[in-house]
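Residue numbers (the working numbering): 136 to 393. All C-beta atoms in this analysis are idealised placements derived from N, C-alpha and C, irrespective of residue type, glycine included. Nothing here was measured: the structure is a model prediction, and the numbers come from that model.
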């Protein structure tokens, strides 16, 4: 195995070695980012040697960089170049999660404490993105104005990011207003439904009274018919009694003449 020595990782050769070391860990050895990123950070900050298996070479450095400078080199050479898009995408994904949690909170599905989880996730994503932007290395080209264009692009990106955050806040406010309107509308609908139910109950009571009146009328008709029938019978009895008296008187008269 070949042995090579360099002053430190912050030099141009040291940065190239760190990039090759990342490629060896992530592509050749196919390690998980959870495993090799801490190893890269420890190497950039504190270790004085590393071994790249794919090159069969061991590198040593005269001194380590320390936490502050080593973190900067790692962010500039590895995180900023290879994971910037992934972190940016995670920020948008965190915003979606936050909106979902807030919507569920206003709908009463989850509690306020649980809804704070979505806000915490989005805050972590924004802090990560801010750290990457802070350590982003500016490319300088002495033969052109690329550095100025890069700075302008960086400012444009920052403006776009702030615009996205502002839009998310606007969407959150709109969602809150919509939910409040929906709740008020549901309350009004419940009141209206209650009034209608009360009206229906009163109408049912009126129908009951109408049925009772019909029954009373029928009973009165039956009573009238019964009275008529009774009058007819009384008339019949009266006629028969009168006829009986007439016959009695006639018999008396005939008896006297005899």
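How big is the Cα-Cα spacing for residue i and residue j?
| i | j | result |
| --- | --- | --- |
| residue 240 | residue 224 | 24 Å |
| residue 350 | residue 361 | 17 Å |
| residue 363 | residue 355 | 12 Å |
| residue 164 | residue 173 | 15 Å |
| residue 229 | residue 217 | 20 Å |
| residue 161 | residue 155 | 10 Å |
| residue 359 | residue 368 | 14 Å |
| residue 379 | residue 345 | 51 Å |
| residue 330 | residue 242 | 26 Å |
| residue 232 | residue 252 | 9 Å |
| residue 347 | residue 387 | 60 Å |
| residue 204 | residue 271 | 13 Å |
| residue 286 | residue 175 | The pLDDT assigned to residue 286 is 49, lower than 50, so where the model puts this residue is not dependable; a value taken from the coordinates is nonetheless given after this. C-alpha separation (whole angstroms): 28 Å. |
| residue 313 | residue 324 | 16 Å |
| residue 316 | residue 157 | 53 Å |
| residue 170 | residue 185 | 16 Å |
| residue 365 | residue 352 | 20 Å |
| residue 319 | residue 219 | 44 Å |
| residue 328 | residue 300 | 42 Å |
Please go through the same chain and pick out, in chain order, the residues whose beta-carbon is closer than 6 Å to the beta-carbon of residue i, but skip the five residues on each side of it.
| i | result |
| --- | --- |
| residue 181 | 199 |
| residue 385 | none |
| residue 309 | none |
Which residues in the same chain as residue i place their Cβ atom closer than 8 Å to its Cβ, once the five residues preceding and following it in sequence are excluded?
| i | result |
| --- | --- |
| residue 197 | 140, 141, 142, 143 and 183 |
| residue 245 | 236 and 239 |
| residue 389 | none |
| residue 322 | none |
| residue 250 | 236, 237, 239 and 240 |
Using only CA atoms, which one of the options lies nearest to residue i?
| i | options | result |
| --- | --- | --- |
| residue 247 | 358, 236 and 348 | 236 |
| residue 269 | 389, 179, 206 and 368 | 206 |
| residue 187 | 347, 348 and 137 | 137 |
| residue 257 | 249, 271 and 227 | 227 |
| residue 303 | 234, 382 and 219 | 234 |
Leaving out five residues on either side along the sequence, give the residues of the same chain with a beta carbon under 7 Å from the beta carbon of residue i.
| i | result |
| --- | --- |
| residue 255 | none |
| residue 259 | none |
| residue 201 | 180 |
| residue 284 | The predicted model places residue 284 with a pLDDT of 49, which falls under 50 and marks its position as unreliable, so this point remains unresolved. |
| residue 166 | 160 |
I want to check one thing, is the minimum distance from the CB of residue i to the heavy atoms of the ligand MG below 6 Å?
| i | result |
| --- | --- |
| residue 389 | The ligand MG is not part of this structure, which contains no ligands at all. |
Roughly how far, in whole angstroms, is the beta-carbon of residue i from the beta-carbon of residue j, given that I think they are within contact range, below 8 Å?
| i | j | result |
| --- | --- | --- |
| residue 193 | residue 159 | Not a contact, Cβ separation roughly 12 Å. |
| residue 179 | residue 208 | 5 Å |
Below 8 Å, how does it come out for the region 201-217 and the region 143-151: are there three or more Cβ pairs, yes or no?
yes
Taking 8 Å as the cut-off, does the region 220-237 touch the region 257-265 (at least 3 CB pairs, one atom from each stretch)?
yes
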